[in-house]
Amino acid sequence: MTGEAPAARLARRIGSDPLLRAIAAEAARQDLEVYAVGGLVRDILLRRRARDVDLIAGAGAGGLLSWLAERSSHRPVTFAKRVVNHRLTIGGRTVDVVELGERSLAEELARRDFTIDAIAWDLRYGRLVDPCGGLGDLAEARLRPPRPDAFRCDPLRLLRAVRLRAEIPRLTPDAETERRMAAEAPLLARAAPERIREEIDRTFLTPRGGRAMAEADRLGLIEPWLPESRPLRGLIQNRYHHLDAWRHTLAALAAADRPRRLAPGLLPPRWPRVPADPEGPPRPDPDEARLVLRWALLLHDLGKAATRALNRRGEVSFHGHETVGERIAKEVTRRLAFPGPRAEAVARLVRLHLRLVIPPEGRLSERALARIARAAGPYTELLALHALADQLASRGVGWRRTRRRLLDTVAALFEVEREIDARRRRGRLLTGRDVLDRLGIAPGPRVGEILREAERLRDLGELETREQALAWLERWRPDRA
18 MTGEAPAARL ARRIGSDPLL RAIAAEAARQ DLEVYAVGGL VRDILLRRRA
68 RDVDLIAGAG AGGLLSWLAE RSSHRPVTFA KRVVNHRLTI GGRTVDVVEL
118 GERSLAEELA RRDFTIDAIA WDLRYGRLVD PCGGLGDLAE ARLRPPRPDA
168 FRCDPLRLLR AVRLRAEIPR LTPDAETERR MAAEAPLLAR AAPERIREEI
218 DRTFLTPRGG RAMAEADRLG LIEPWLPESR PLRGLIQNRY HHLDAWRHTL
268 AALAAADRPR RLAPGLLPPR WPRVPADPEG PPRPDPDEAR LVLRWALLLH
318 DLGKAATRAL NRRGEVSFHG HETVGERIAK EVTRRLAFPG PRAEAVARLV
368 RLHLRLVIPP EGRLSERALA RIARAAGPYT ELLALHALAD QLASRGVGWR
418 RTRRRLLDTV AALFEVEREI DARRRRGRLL TGRDVLDRLG IAPGPRVGEI
468 LREAERLRDL GELETREQAL AWLERWRPDR A
C-alpha cells in the first residue's frame, strides 16, 4: 500500500463508483450513519478489483434499506441472529448491510474477521475510521484478528485466513496469529460442514489453492474436518514414490495450481475458460472444473491405508485403493454437503484415477483409451490432469521416463476423445424403430439397452456407419440384451 494516501484513494474510488456514490448521497439526504467496510475497503486500498459492497448502518437503517430494496433485482434476505444482516442484489452486485443496533462502531468493527477488514469509510462525511489498527497491518501485509477470541467465536476464520492468503499472497499471519491458529485448529471440528466446504471451495478457486492447503495442513487445519487423512500421514509408499501418502496428496494438489505447466501444449489456450460448443460434448463450468479436479486430488488416495500390503518380493502395493477411495470420497462429500453433480464427478475421478497408468508392455491401445474417454465422459480432461499431477508428485524410480510416456498417452487420449466427439456429431447410427422392426420385440427397457450398446461400440470405433450398425443389429441375440 504505497503512493496515494488511504483516505484520498478511498474518496476517489468510492466517488467514481456509481452505486457507492448513490448510496453516499442517500445517506447524506437521510442524515444516516452509513459506513463502507470489509473487503470493499480493503481491496480498494490494495488496488484490487472491488465489486461486492459491505455496509454498516446506524439508527434509521430502515430508510436506507427501503431505498436499496427499490433498486434490488431480488427480494432482500435478512439474517437475524446476534446481529441483523440484510443481503440485496443491485446491478449484479451483492450488497450486505449490517444494522449497528445498540453496539458502537468500534464494537462492530472488532467483530470482523481480521483487522484489515475492520477499516471503515464514513460515506456521509468522507472520513476513515480504524480503531483496530487495520491500516498499519495492511501497510505491513500482516494478517491479524482484531481480538484474542476471534477464532473461538467463529472457528471458520481459521480457514478464512488461509483463503485470504491464497487470494492475496503478500498477506502473512504474524507469529502470534500463526501460534494461535495452530493451537485452536481443533475447534474446526465443531464448525458446520457445509460452511467448511464453502470456504475450501473459495480457496480452491484461487490460483494458489493447492499450495494454500499445504499451508493449512502445516497449521493442523485439515485433519479436524477431514479425519480420513490421518491414516495417510507417515504412510510409507513404494519405490515409485518419494513422499509418504499424505505429503504426496498435498504435492499432487499443489501441482494442479499450474494446469498448463502440467500438460504443456495439450490444453486450449484459456483452459478451462473455453467457450461452450453447443454441438460438442458437455463440459463442466470453468469454476466447477477447478473444484472437481482439486477435490478429487485431495481425496484420491484415502483408500491407501486400508489396502497397503507387501507382495512376495517385499514391495508395498495398494491394490484396489481406488475402489475403497471412491467409497470414502462419497462419505466425505456427503458429510460436507456437496452439490450432487460435483460429488458424483469427484467420486468418478477417484475411481478412475489409475486408468491412465501405462502398462509395462507399452502405451495404452486406442481401444483402451476410448474406453477411458467413455468412462470419464465430460471429465476426460480433468482425469488427464489428475493423472499428470499425481505422477508429478511421485518422483520415485523412473519418474522422468514415466512422465514423458504419460504426456504422450494424454495427447493420444485427447485425440481419441476428439474422434469420439466427431462420431457423435454425426448422430445416432440406429433408432428405436430400427430395433423394433429388425428384432421384432416390444417397446421397453431392452430397446434402450440395445441402443446404448450400439453407442458404446460406435465410441470404440467398432461401428462406423449405419450399414455396419444394421448388420450388427441383425446378428443381435435377444438373450444378450
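Take 18 as the starting number for the sequence shown in our numbering and just add one per residue.
We put the CB at the ideal spot given by N, CA and C, even for glycine.
Small disclaimer: the values here were computed from a predicted structure and weren't measured.
So the candidates are the options; which of them puts its Cα closest to the Cα of residue i?
i      : options                           : result
Leu176 : Ile213, Ala74 and Glu157          : Ile213
Ile31  : Arg46, Arg66 and Gln47            : Arg66
Ser382 : Asp425, Asp71 and Val464          : Asp425
Ala44  : Arg129, Gly55 and Arg141          : Arg141
Tyr257 : Arg442, Val100, Glu332 and Leu453 : Glu332
Leu222 : Pro186, Pro241 and Arg180         : Arg180
Leu37  : Val114, Asn102, Arg92 and Gly79   : Val114
Asp302 : Ala269, Leu267 and Ala362         : Ala362
Asn255 : His265, Pro23 and Arg450          : His265
Ala471 : His317, Leu399, Arg441 and Leu105 : Arg441
So is residue i buried or exposed if we call it buried at 16+ other beta carbons inside 10 Å?
i      : result
Asp496 : Per-residue confidence for Asp496 stands at a pLDDT of 49, beneath the threshold of 50, marking its modelled position as unreliable; the derived number appears in the next sentence. So Asp496 counts as exposed.
Lys321 : buried
Arg365 : buried
Arg29  : exposed
Asp154 : buried
Ser33  : exposed
His338 : buried
Thr482 : exposed
Ser334 : exposed
Val94  : exposed
Pro162 : buried
Cys149 : buried
Pro190 : buried
Asp304 : exposed
Pro35  : exposed
Gly342 : buried
Leu327 : exposed
Ile217 : buried
Ala387 : buried
Ala192 : exposed
In terms of residues, what are the limits of the alpha helix (DSSP H) holding residue i?
i      : result
Asp60  : Gly56 to Leu62
Trp489 : Arg483 to Glu491
Asp34  : Element bounds for Asp34: n/a, residue is neither H nor E.
Val349 : His338 to Arg352
Val452 : Gly449 to Leu456
Ser83  : Ala78 to Arg88
Gly151 : Gly151 to Ala156
Gly226 : Gly226 to Arg235
His265 : Ala262 to Ala272
Val374 : It is not in any alpha helix (DSSP H) - Val374 carries neither H nor E in the DSSP assignment.
Arg430 : The question names Arg, but residue 430 in the sequence shown is Leu. Segment Trp416 to Arg442, the alpha helix (DSSP H) holding Leu430.
Glu383 : Glu383 to Ala393
Thr220 : Pro210 to Phe221
Pro276 : Pro276 to Leu279
What does a CB cutoff of less than 6 Å around residue i pick up in its chain, not counting 5 residues either side in sequence?
i      : result
Thr111 : Asp69
Gly151 : Thr132, Ile133, Ala135 and Ile136
Ala351 : Inspection of the sequence shows that residue 351 is occupied by Arg rather than by Ala. Around Arg351: no qualifying Cβ.
Ala360 : Thr350
Arg300 : Pro395
Gly237 : Ala199 and Ala202
Phe168 : Arg174, Leu175 and Glu201
Ala269 : Leu314, Ala406, Asp407 and Ala410
By Cβ distance, which residues of its chain are closer than 8 Å to residue i, with the 5 residues on each side in sequence left out?
i      : result
Val427 : Ala280, Leu283, Leu373, Ala401, Ala404 and Leu405
Ala137 : Tyr52, Ala53, Val54, Val58, Ile73, Leu122, Leu126, Leu145, Val146 and Asp147
Thr340 : Gly320 and Arg368
Gln408 : Trp416, Thr419, Arg420 and Leu423
For residue i, which residues in the same chain have their Cβ closer than 7 Å to its Cβ, ignoring the five residues on either side in sequence?
i      : result
His259 : Arg412 and Gly413
Arg228 : Ala271 and Asp274
Pro276 : Leu284, Trp288 and Leu402
Ala439 : none
Gln485 : none
Ala498 : Annotation note: pLDDT 45 at Ala498 (below 50); position unreliable, coordinate value reported separately. These residues qualify, in order along the chain: Arg463, Glu466 and Ile467.
Gln47  : Gly77, Gly80 and Leu81
Ala158 : Arg187, Leu188 and Thr189
According to DSSP, residue i sits in a beta bridge with which residue or residues?
i      : result
Ser411 : Beta-bridge pairing links Ser411 to no other residue.
Arg120 : Looking at the DSSP assignment, Arg120 forms no beta bridge with any residue, so it has no partner.
Ala53  : Leu72 and Trp138
Phe96  : Asn102
Ser334 : Ala326
Pro356 : Its beta-bridge partners do not exist; DSSP assigns none.
Val112 : Val70 and Leu105
Leu160 : Pro190
May I ask which residues mark the beginning and end of the beta strand (DSSP E) holding residue i?
i      : result
Ala183 : Careful: Ala183 lies outside any beta strand (DSSP E), inside the alpha helix (DSSP H) at Leu173 to Glu184.
Ala74  : Val70 to Ala74
Arg104 : Val101 to Ile107
Val146 : Arg144 to Val146
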